[in-house]
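The structure appears below as structure tokens.
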Amino acid sequence: VVFFCQNNQWAISEPISLQSRIPLYQRARGFGFPGIQVDGNDVLAVEAVSKWAMDRARRGEGPTFIEAYTYRMGAHTTADDPTKYRRSDEEEAWRGRDPINRLVTHLRDADAMDDAFLRELEREADDLGATTRAAMHELRDVTMDEWFENVYAENTVPLEAQRREHAEYVASFEEA
11 VVFFCQNNQW AISEPISLQS RIPLYQRARG FGFPGIQVDG NDVLAVEAVS
61 KWAMDRARRG EGPTFIEAYT YRMGAHTTAD DPTKYRRSDE EEAWRGRDPI
111 NRLVTHLRDA DAMDDAFLRE LEREADDLGA TTRAAMHELR DVTMDEWFEN
161 VYAENTVPLE AQRREHAEYV ASFEEA
């Protein structure tokens, strides 16, 4: 297995520095497998590290923990105001490290992309986004009972107990 953690440095309004004294990737050592930190805003570095970890797993060499160190650019939720706990200069510094802009710059510098290709790519991405959103609107609602299916290959006694408890909880509203 490859564990991939996108560390955006925030848990709602709490910075990572208040949550852990060591970088998250170093915690893997305590479980007996390697951890590696990668610049989560460098698409090529993330690809290289992910490929290495997946190849390692496919060879049967055990799990790997990847910490992609990045930054949450926006609010945690629509009710969140990050200006209360983050400095604007910090966000601006990270804005300059935007992964898509970095990759576009790299590809242009390598003469691997021109403006026409980029426009076509952006059009395809917009079309894919629109198609995906339309498909999502067509999906039926999943029943709560279905949430309990396929959690494990074979259901466990505690999971079945949770399913029953949830069904009883929902039924209690219908009876009232």
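Just so we're aligned, residue 11 is where the sequence shown starts under our numbering, counting upward by one.
We put the CB at the ideal spot given by N, CA and C, even for glycine.
Quantities reported herein were computed from a predicted structural model and do not represent experimental measurements.
Quick check on this structure: which residue in the options has the alpha carbon closest to the alpha carbon of residue i?
{"i": "Gly40", "options": "Thr74, Thr88, Ser27", "result": "Thr74"}
{"i": "Ile26", "options": "Ala144, Ala58, Arg96", "result": "Arg96"}
{"i": "Ala171", "options": "Ala126, Phe158, Ser30", "result": "Phe158"}
{"i": "Thr115", "options": "Asn18, Glu24, Arg37, Leu54", "result": "Leu54"}
{"i": "Val56", "options": "Gly70, Val12, Tyr179, Arg174", "result": "Val12"}
{"i": "Met64", "options": "Leu128, Phe14, Arg31, Ala163", "result": "Phe14"}
{"i": "Glu156", "options": "Thr141, Val167, Arg174", "result": "Arg174"}
{"i": "Ile110", "options": "Leu128, Arg66, Asp121", "result": "Leu128"}
Is the Cβ-Cβ distance between residue i and residue j less than 8 Å?
{"i": "Tyr35", "j": "Glu77", "result": "yes"}
{"i": "Gly45", "j": "Thr80", "result": "no"}
{"i": "His176", "j": "Met146", "result": "no"}
{"i": "Arg33", "j": "Gln47", "result": "According to the sequence shown, residue 33 is Pro rather than Arg. Against a cut-off of 8 Å, the Cβ pair of Gln47 and Pro33 comes out as a contact."}
{"i": "Ala85", "j": "Pro92", "result": "yes"}
{"i": "Ala21", "j": "Gln29", "result": "yes"}
{"i": "Leu10", "j": "Val161", "result": "Only positions 11 to 186 of the chain appear in this structure, which leaves residue 10 out of reach."}
{"i": "Phe43", "j": "Gly70", "result": "no"}
Leaving out five residues on either side along the sequence, give the residues of the same chain with a beta carbon under 6 Å from the beta carbon of residue i.
{"i": "Arg107", "result": "Asn51"}
{"i": "Met83", "result": "none"}
{"i": "Arg112", "result": "none"}
{"i": "Arg133", "result": "none"}
Would you list the one or two residues that DSSP bridges to residue i?
{"i": "Pro25", "result": "Trp20"}
{"i": "Phe14", "result": "Ile76"}
Counting only the same chain and skipping the five closest in sequence on each side, list residues whose C-beta sits under 8 Å from that of residue i.
{"i": "Ser187", "result": "This structure cannot settle anything about residue 187, because the visible part of the chain is limited to 11 through 186."}
{"i": "Asp124", "result": "Arg118"}
{"i": "Ser60", "result": "Val12, Phe14, Ile76"}
{"i": "Ala126", "result": "none"}
{"i": "Ala67", "result": "Val11, Val12, Pro73, Thr74"}
(request) At 3 residues or longer, and completely inside the stretch 46-90: list those beta strand (DSSP E) runs for me, N to C. (result) Every unbroken stretch of the beta strand (DSSP E) spanning 3 or more residues and falling wholly within the stretch 46-90 is given here in chain order: 74-79.
(request) Would you mind listing the alpha helix (DSSP H) stretches within the stretch 86-138 that are 4+ residues and don't spill past its ends, in chain order? (result) 98-105, 109-119
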